[in-house]
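First to last, the sequence lines map onto chains A and B. Heads up: the first sequence at position 121 corresponds to 121 in the UniProt record's numbering, and the numbers run straight through without jumps. Heads up: the second sequence at position 298 corresponds to 298 in the UniProt record's numbering, and the numbers run straight through without jumps.
Protein chains: 2
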Amino acid sequence: MDRNQFRDAAHSAIDDIVKYFDTVPERRVLPAVDPGYLRPLIPENPPDEPEDWAQIQEDVDTKIKPGLTHWQSPNFMAYYPASVTYPSILGEMYSATFTAPAFNWLCSPACTEMETIVMDWVAKALALPECFLSTSETHGGGVIQNSASDAIATIIVAARERRVREVLLAEGLKEGTPEYEDRKFDVQGKLVAIASDQTHSSGAKGALIAGTRFRSVTARLKDNMEMTGPRLREVLEKCDKDGLTPYHLTMTMGTTNSCSVDRFAELKAVLQEKPHWQRIWVHIDAAYAGASLVADEWQYIAKDFAEGVDSFNMNMHNVLYVRNRLDLTNALDITPTYLRNPYSDMGTVIDYRNWSISLGRRFRALKIWFVMRSYGLNGMKAHIRKTIGFGDIFADLVRSRSDLFEIVTKPGFALTVFRLRNPQSSFNGANGTSERAVQDKGADTLTKKVYELINSRGEIFITSTVIDGVYVIRVVSANPLAEEKNVRNAFDIVLRTTEEVLQQK
Amino acid sequence: MDRNQFRDAAHSAIDDIVKYFDTVPERRVLPAVDPGYLRPLIPENPPDEPEDWAQIQEDVDTKIKPGLTHWQSPNFMAYYPASVTYPSILGEMYSATFTAPAFNWLCSPACTEMETIVMDWVAKALALPECFLSTSETHGGGVIQNSASDAIATIIVAARERRVREVLLAEGLKEGTPEYEDRKFDVQGKLVAIASDQTHSSGAKGALIAGTRFRSVTARLKDNMEMTGPRLREVLEKCDKDGLTPYHLTMTMGTTNSCSVDRFAELKAVLQEKPHWQRIWVHIDAAYAGASLVADEWQYIAKDFAEGVDSFNMNMHNVLYVRNRLDLTNALDITPTYLRNPYSDMGTVIDYRNWSISLGRRFRALKIWFVMRSYGLNGMKAHIRKTIGFGDIFADLVRSRSDLFEIVTKPGFALTVFRLRNPQSSFNGANGTSERAVQDKGADTLTKKVYELINSRGEIFITSTVIDGVYVIRVVSANPLAEEKNVRNAFDIVLRTTEEVLQQK
C-alpha cells in the first residue's frame, strides 16, 4: 500500500468510522450470530497476492460489524464502559505511526517524557494525593499499563518482592547467595494476598500469577457489600494463626458487582493494630469508579489515599500510580547488556520497562494528551456528571416500581443493582430500597428469566451477577453516547419484560 | 470534538502521517534532546477548556517529533525492528473505533473469532506444525499477546501450574484442600526455569514474575552462541543434584544479542534422557527471527517444533501458540459470576482472557487481517528476503575490510555482529570471519568508542552488547523503509568513524 492508496483508504475509513458512531445507536447492541459464524465467511488461507482496500473495507462492513458487540452503543449497559472518543482515535493513529517500543528513555525520549507528564496531569485531575506525582518526595509516579489486570498483577509481584526482601535482609541474608535464594522461596510460600470477595477477579488472578496464596474477605449485603474493618481483621488473624504472612491488600473504590466502596479509613486503622500488618502493601483498585474523581464532588474520597496507601489504579487509559517507584523497579529491573545506555545507567531518566511486565510499550501518553486537551477538565467533569446523573434517573425509575423491583445495593457511579420481587415471597418489604435483600430462590429464578430474555433480544445489553447469594441485574449508564432517552428506554424494556415473565407464571 | 471536527482533524492527521513517512529518512534517527527536554514545553496542568486540534497537531510537530527516536527510519539499525505499515494504521483506527475488551466470546464475537482465524492464517504462513492450529487434534491454538514479554511470562506461569498440578495429583492430593495448597508451595519453591544466557531478558523476568527460580545455560562463542545439548545437560544435572526441579526451558530462534539459533534437535534429545526431564515445558522464543519463517527457504527450521515443543512466540503482532490450550486455561481461568454466560459455560467458544494475563483485549486481529491481505503472502516473503539480503550485503561489506573488522558470530536474519580489530593485538587472524574472537580489552575499548561516537551523532542508531566477554556492535537491517543505499551508508559511517578513532590513538 503506497502513500496515495493509504490516503484514499484512510479517508474512506474515516467516513466509515463517523458513520459507525452515527448509526451505532440504531444497531442491535448484541449481535445475532452463533458461535462459529465467521469461519465460513473467511478464506481458509491468507491470500498470496495483495488485495485492494475497497474489498477489505467492504468485508469489515459485511462480515465484522454484524458480529460485533457494540460497546460504544448507548444501549450497552453491561460490565463497565470501555469508551472511545474521536481524539483517542487520532491518538491511536499517531501512536501507530511513531511505533517505538520505548522500553527505555533513549528508545524514544518523547514517549517516556510525555508519559510522565500526562500521568501527573491525570493525578492532578483526579486530585490524587501529592505522593503519586512524579515530582513527589516519596519518588512516586504513574505508568500506563496494558490493562487493569496487568496493573494488579504487576503490583502484586512488586509487593511480593518487597516483602520477601525485607524479611530476608532483616534475617541478615545476603542477596545473590544460595541461602538467600532458598529462604526466599520458604518465605514466599507463606505469603498471602488479600482482597474482598467483591474485588475484581484480577486480584485472585494476580496472586495466582505471582505464585502466592490468596484469601478473600467476605462482604455482606448488610454492609452494602463494602469490605469492613472487622471482617478484614478476622482474615488477618486467621492468617496469623495458620502461620501465614499477609503481604498485599486490595481495597476497591467501585467493585465490579455493585460499585461498592470499601471502608478505607476503617480498614487502614485495622492494619495499624499490629506491626507486621503495617507492612502490608495497600493497593486501591479504582478501575471503574476512579474516573469519577475528576468531578470535585467525589474528590473527598481520594483524601483517604494520602496515608497508608502504596498504589492506585484506574481504567481510564489503565493508569497505575505508586507512592515509591523503587518498589516497582527493585522488583522488575533486569537489565541485560543490550539494554544498557548512559542515561539509564546514570539514573537520570525513567525506564518504564521496569514499571511493568511488558518490555515494549505503545505511545499511549499521546492519546491521553489528545483527549485531555480536546475535552478540557470541564468537559471531563461534565461527562462524569452526566453519566452519574443517568444512573440516578435509572435508579429512581426502579424505585418508582417498588411493587415489582427491589434495589439490592446502594446505587452509585452510574450503576444500579436490583432484582425482581418474588410475588410469592413473605419477605417482601415495600420501600423499594431494601437494605436487606434476602436469599429467595423464587426471586432469583424470575430475575434470571428477565435478564436472559432481555439479552437474547439484543436491544440493550446488561449483566447479571450474584451478590451475597442473591441473583441480581446490573445496569450501567456510563456510555459517552448515552442520552436520557436511552436510560428511559432501558427501564421500559426491563419493565415490559418483567411484566411478560410475571404473566407467564 | 464532533463528527465534522473529527473528519477535518483526521484528514489533516493523515496528511501529516504520510509526510512523516516520506521525510523520516531525512530526520536524525536519534533525537538531539537531553533528559527532561519536554517538561518545560508542556503546561503544568491540563487545560480547563477544550483546545483545537490545529493547536494539538502543531504541538506534535514542534514538541513531540523532535524528541522521538525514529524506529521507522531506515537509519534505525538498533535492537530489533518494530515496523509499522499503512494497513496496520488503518487496523488501529478500526480497532479503536470498535473498542470492545473482548474478554469472552459474547463481549464481541467478531473479535474472538477473527483472532482464531488469523492466528491460523499466521501459523500456516509460518509453516508451523499442525499442532499449533486451532483445529488441531491436540487442541492447540494461537493468541495475540500485548508483547513478547507478556507471552513469555504467561507461558512460564502456565508451565508452573501444569507441573505443580501433575506432581500433586500424582501424590494423591485433592485440589481445594489445605494439604494441596501447602504442598503446592513446597513444590513451587523447588521449580527452576531454564534458558540460555543468550535468551532475551524476558525469560529471567518471566521466571521472576512467576515466583520461581531461574538458571541459565552458558553459550559460548566457539558454539556461535547457540545453546547446545551438553551445556543444557550440565545445568539439568546440577538441578537434580541440588534437589531442584526444572520445569520450563526456553529455546531461542534468533537470540537478541546475535540472532543465534539454539540446537533444537540436540536439546530435545537431551530432554529425552530422563523421565522427569521429559516433563519440562519447552518453549520456542522466535520473537525476532520467527518472521523469517514466512519465506519458504527458512521453513525447514519449524519442522523441529512438531514434536516435544509446547509453545512458540514471535514478535510480528506478538503472537503466541500453544500445543494444548488447556495448559493455558487450566492455569489462568478464574471465572467469577459476572463473567459467566451460556456460551462460555458450554465450552463451545474461546474466551481469550484465559489465555493471557490481561482481561481486556484490543481488536488487533483486524490489524493482522488488514496487513496480510494488503501485502499478500508474496509481499511478506519479499519483505523478509529483501531485509535478510541487506544483512548479507552489510556482512559482506564488513568482511571486505577484514583488516579493520572482525565478524564475531555468524551473520543472519538481517543482523551482523562485529567488532574492531585491535591493531596492537597478537591474536589477529586475517580472514575476517573469525569463529574465535577472543577477549581483548584493546578491541573492546576501540569498538566501544566507535559505537558511542556513531550514536552520539545520531545519523544511524545501532546497539552494542557483550558476547562471551567480547564487546561487539550489532547492526540490524530489517526496516521496511530501508533501501540498499541505507545499508551502504551505514557501513560508510562505521568505516569513517573507525578510521577517525584509530587515528586518534
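For glycine and all other residues, C-beta sits at the position ideal for the given N, C-alpha and C. This structure is a prediction, so every number in the text was calculated from the model and none was measured.
- Between the alpha carbons of G376(A) and V118(A) lies a distance of about 13 Å.
- Contact between A153(A) and A210(A) holds: their C-beta atoms lie close to 7 Å from each other, under 8 Å.
- Taken in chain order, the members of the stretch 90–119 of chain A whose beta-carbon sits within less than 7 Å of a beta-carbon on chain B are L90, E92, M93, Y94, A96, T97, F98, T99, A100, P101, W105, L106, C107, S108, P109, A110, E113, M114, I117.
- Less than 9 Å divides the Cβ of A193(B) from the Cβ of A207(B).
- The C-beta separation of A96(B) from C107(B) comes to about 16 Å, leaving the pair out of contact by the 8 Å criterion.
- In the structure shown, the three-state DSSP call for W281(A) is strand.
- Listed by position along chain B, the residues whose Cβ is nearer than 8 Å to that of D186(A) are G189.
- Restricted to the stretch 415–482 of chain B, the beta strand (DSSP E) segments that are unbroken, complete and at least 3 residues in length are 415–420, 463–467, 470–476, listed in chain order.
- Around N378(B), the beta-carbon contacts reaching into chain A at under 7 Å are D48, E49.
- Residues of the same chain with a CB within less than 8 Å of the CB of F491(A), apart from the 5 flanking positions on each side, are F394, L397, V398 in chain order.
- Taking a Cβ-Cβ cut-off of 8 Å, M77(A) has no neighbours in chain B, whose nearest Cβ is about 13 Å from it.
- Look at W369(A): its C-beta is under 9 Å from a C-beta on chain B.
- When C-alpha distances from M314(B) are compared across G290(B), R325(B), G254(B), the shortest belongs to G290(B).
- Within the same chain, T138, H139 come within 6 Å of N324(A) by CB-CB distance, once the 5 residues on both sides are set aside.
- Exposed is the label assigned to P275(B), since fewer than 16 other Cβ atoms lie within 10 Å of its Cβ.
- Distance check between A265(A) and each of N422(A), D304(A), D2(A), T465(A) places D304(A) closest, using alpha-carbon atoms only.
- Contact between the stretch 372–388 of chain B and the stretch 158–167 of chain B is absent: fewer than 3 CB-CB pairs across the two stretches fall below 8 Å.
- Per DSSP, reduced to three states, the secondary structure at F363(B) is coil, with no helix or strand assignment.
- Per DSSP, the beta bridge partners of H248(A) are A193(A), W281(A).
- DSSP links N313(B) through a beta bridge to D285(B), L320(B).
- At least one C-beta of chain A is nearer than 9 Å to the C-beta of E181(B).
- Rounded to the nearest angstrom, the gap between the Cα atoms of E171(A) and D182(B) is 23 Å.
- With a beta-carbon spacing of about 19 Å, L481(B) and G91(B) fall beyond the 8 Å limit used to define contacts.
- 9 Å or more divides the Cβ of R353(B) from the Cβ of N45(B).
- With contacts defined as CB atoms closer than 9 Å, T416(A) and G391(A) qualify as a contacting pair.
- Considering only beta carbons, the part of the stretch 6–39 of chain B lying closer than 8 Å to chain A consists of F6, R7, A9, A10, H11, A13, I14, D15, I17, V18, Y20, F21, D22, L30, P31, V33, P35, G36, Y37, L38, R39, in chain order.
- Contact between V450(A) and L420(A) holds: their C-beta atoms lie close to 6 Å from each other, under 8 Å.
- Beta-bridge pairing by DSSP links S88(B) to no other residue.
- Per DSSP, I64(A) lies in no alpha helix (DSSP H) and is assigned neither H nor E.
- Residue burial is scored here from C-beta neighbours: Q503(B) has fewer than 16 other C-beta atoms within 10 angstroms and is therefore classed as exposed.
- Here S149(B) carries a helix assignment [DSSP, helix/strand/coil].
- In the three-state reduction of the DSSP assignment, I209(A) falls in the helix class, which pools H, G and I.
- For E406(B), the three-state secondary structure derived from DSSP is strand.
- Around A32(B), the same chain offers G458 as residues with beta carbons nearer than 7 Å, after the five sequence neighbours per side are excluded.
- DSSP, reduced to helix, strand and coil, places F214(A) within a strand of the structure shown.
- The beta carbon of E161(A) falls within 9 Å of a beta carbon belonging to chain B, placing the residue at that interface.
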